[in-house]
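Under full-length UniProt numbering, the residues of the sequence shown are numbered 1 to 228, in order.
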Amino acid sequence: MPPRLPGQNARRQVLAPIAVAGSVVLLLAAVYRWSKKASDSDTPKPVTKPPTPTQRKPTLSVSLPVDPTWKSKAIPIELHEMVRGTQADYDLHVLVHAPDGEPVALPCDKVLAYANAQGRAMMQRALQCQFHVELVFVDEQGWMAWDPQDNLQDYLARLDQLAQVVDKMLLVLMPAAPAPNAIALRDLEQSWKKHTISQHPQTQWLDLRSTSWRGLQEALAQERQGWN
């Protein structure tokens, strides 16, 4: 038997409590981790709502007719106000007759110039707006501004094509001074009734000759309430 070294029992007596203490510490650490994990799993997590997608504005195109007399005058302040107010509710596009390529200055980022009636119709269809407003300028005698290079049946045929791709169309009568080129409003009314465009339920007439631009702004705001 090997000889017992001096102090060996003393070292064993010292190391034994340390080993026991270390085991207790490891056991307590394991118990703590387990209890924390259990408490975390039992604690209800806060419910977060998914972000609400931003609602897109309906697209709207407003088409001004060919009328050199109207364009040569100062732009009515009511038209500026109508454009500003309407942009709050719609993604607005304004189509203006400008054969020289310089459209009317309006407070709108999307003022589009057209050179003739055919170009206007192509632009209207290309935009594919959900809502279209066709403005008709009428003087006090019942004559409406007209493009001398156009004819009534072709005009209605183009509107009919547009009515098939929009959700709604308004033909709006607006007050204006006598234009150098004009046709009788009654001719448009009679031709409209006979044309297939009158059968589209999404097309309507709106006479705003008494309320003008302010009335148009109010009408568009009211229409906006019907859009999702």
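Heads up, the beta-carbon is just placed ideally off N, CA and C, and yes, glycines get one too. All of these numbers come straight from a predicted model, not from anything done at the bench.
Fill in: Exposure label - Ser210; buried when at least 16 CB within 10 Å
Classification for Ser210: exposed.
Worksheet item: Straight-line CA distance for Thr69 to Glu78?
Response: Between the alpha carbons of Thr69 and Glu78 lies a distance of about 18 Å.
Worksheet item: Can you tell me whether DSSP reads Ser191 as helix, strand or coil?
Response: Secondary structure at Ser191: helix, using DSSP grouped into helix, strand and coil.
Practice prompt. With DSSP as the reference, label Trp70 as helix, strand or coil.
Written response: Helix, per DSSP.
Worksheet item: What residues in its chain sit with their C-beta under 7 Å from that of Leu156, if we drop five residues either side in the sequence?
Response: For Leu156, same chain residues with a beta-carbon under 7 Å away, outside a window of 5 residues either side, are Ser191, Trp192, His195, Ile197 in chain order.
Item to complete: Spatial neighbours of residue 259 within its chain, please: CB distance less than 6 Å, with the 5 preceding and 5 following residues excluded, ordered by chain position.
Response: Missing from the structure shown is residue 259; the chain here goes from 1 to 228 and no further.
Item to complete: Please state whether DSSP places Val111 in a helix, a strand or coil.
Response: DSSP places Val111 in strand when its eight states are reduced to three.
Discussion item. List, from N- to C-terminal side, the beta strand (DSSP E) runs of 3 residues or more that fit wholly inside the segment 133-218.
Written reply: For the segment 133-218, whole beta strand (DSSP E) runs of length 3 or above, ordered along the chain, are 143-145, 168-175, 182-184, 203-207.
Worksheet item: If we count the other Cβ atoms within 10 Å of its Cβ and call it buried at 16 or more, is Lys168 buried or exposed?
Response: Result: buried.
Worksheet item: For Val165, which of Lys73, Val66, Gln124 has the nearest alpha-carbon?
Response: The candidate whose alpha carbon is nearest that of Val165 is Gln124.
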